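Q: This note's numbering applies: residue 18 is where the sequence shown begins, and numbers increase by one.
Beta carbons are placed, not taken as given, at the ideal position from N, Cα and C, and that holds for glycine.
Nothing here was measured: the structure is a model prediction, and the numbers come from that model.
One structure coming up, written as structure tokens, with questions to follow.
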Amino acid sequence: MYRVSEPGRLGNDVLDALVQISVRGFGSEMDPDDVKDHVQGTDMLHLMTDQSGLIGFAAYTMAITATFGGKSGILYLGGTVLDVNKQGKGFFSLSARSAIEETTPYAMVLRTQNPAMMAAVRNVVLRGGLGRVFPELDAEPAHEAVMAGAAIAEMLGQEDYDPRTMVGRGTYGKAINGIDRLDSVDARTREIFLRLGLDRNRGDSVMVVSMLENAGC
Numbered sequence: 018m019y020r021v022s023e024p025g026r027l028g029n030d031v032l033d034a035l036v037q038i039s040v041r042g043f044g045s046e047m048d049p050d051d052v053k054d055h056v057q058g059t060d061m062l063h064l065m066t067d068q069s070g071l072i073g074f075a076a077y078t079m080a081i082t083a084t085f086g087g088k089s090g091i092l093y094l095g096g097t098v099l100d101v102n103k104q105g106k107g108f109f110s111l112s113a114r115s116a117i118e119e120t121t122p123y124a125m126v127l128r129t130q131n132p133a134m135m136a137a138v139r140n141v142v143l144r145g146g147l148g149r150v151f152p153e154l155d156a157e158p159a160h161e162a163v164m165a166g167a168a169i170a171e172m173l174g175q176e177d178y179d180p181r182t183m184v185g186r187g188t189y190g191k192a193i194n195g196i197d198r199l200d201s202v203d204a205r206t207r208e209i210f211l212r213l214g215l216d217r218n219r220g221d222s223v224m225v226v227s228m229l230e231n232a233g234c
């Protein structure tokens with residue numbers, strides 16, 4: 018994995034490779050220009066590689082400059098794609114931890130309808146002892162987590178968003194291809210998703226908010 022210092026200056030060969038990875042992950046309806054704009058317009062871009070070459074990417078934005086608990090900003094994970102046969106091998110964990118260590122945010126937020134992405138974030142934050150992740154089964158979202166999720170929803174122009182449940186209705190307008198099944202994730206993540214009542218066909222989403230109290234300690 019390596020960090021791209023100027024995503025806006027990526028060469029066409031790399032951009033085309035990222036488009037192909039995105040198509041394999043989400044289907045042929047992916048718009049190549051949308052992928053390129055998304056990648057080039059980000060603050061921080063990680064390209065994931067192994068001996069076979071380029072296998073994925075993760076794009077981050079430092080979205081908010083407010084401070085909490087002595088730390089500044091909300092790190093927004095705007096998108097990540099990894100070749101299917103490379104998943105579960107620690108590439109996303111390495112990227113997320115590196116981004117958190119570099120930016121030292123008080124929160125990291127991901128908007129998704131994919132239970133596997135919630136599970137991946139929970140793995141990084143909870144198993145890594147970095148903090149708490151919401152929504153959660155047995156705890157109301159912390160006030161700061163509610164505010165962080167609402168701030169990102171506002172940044173993204175998301176109108177039908179409930180900050181208490183962290184659910185957005187009709188966010189994507191349709192189901193997104195390449196979404197993992199609920200039976201592909203751990204039991205706790207599966208139960209959280211079931212309780213949220215997301216309608217995938219409507220394009221519902223959830224803000225996964227990590228409060229990073231222990232990161233950098």
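Just checking, does the stretch 170-189 make contact with the stretch 216-224 on the three C-beta pairs under 8 Å criterion?
A: Yes, the stretch 170-189 touches the stretch 216-224.
Q: According to DSSP, what are the bridge partners of Gly44?
A: DSSP, once it has assigned bridges, lists no residue as partnering Gly44.
Q: Taking all protein chains shown into account, decide if Ala75 is buried (16 or more other Cβ within 10 angstroms of its Cβ) or exposed.
A: Under this definition Ala75 is a buried residue.
Q: Between Val225 and the rest of its own chain, which residues show a CB-CB distance below 6 Å, the 5 nearest in sequence each way excluded?
A: Within the same chain, Val225 has close Cβ partners Leu127, Met135, Val138.
Q: Just how far apart, CA to CA, sit Val36 and Val52?
A: Between Val36 and Val52, the C-alpha separation is close to 6 Å.
Q: In chain order, what are the residue ranges of uninterrupted alpha helix (DSSP H) at least 4 long that sit wholly in the stretch 111-143?
A: Qualifying alpha helix (DSSP H) stretches, in chain order: 132-139.
Q: Is the beta carbon of Gly148 closer than 9 Å to that of Asp228?
A: This sequence places Met at residue 228; Asp is not what is there. It is a contact, given that the beta carbons lie within the stated cut-off.
Q: So, under 8 Å CB-CB, Val98 and Leu62 are touching, yes? Tell me the CB distance rounded to an integer number of Å.
A: Their Cβ separation, rounded to whole angstroms, is 12 Å, which puts Val98 and Leu62 out of contact at 8 Å.
Q: Would you decide whether Tyr178 is buried or exposed? Buried here means 16 or more other CB atoms lie within 10 Å of its CB.
A: By the neighbour-count rule (16 or more Cβ atoms within 10 Å), Tyr178 is buried.
Q: Check Val98 in the structure and name its three-state DSSP category.
A: Strand at Val98.
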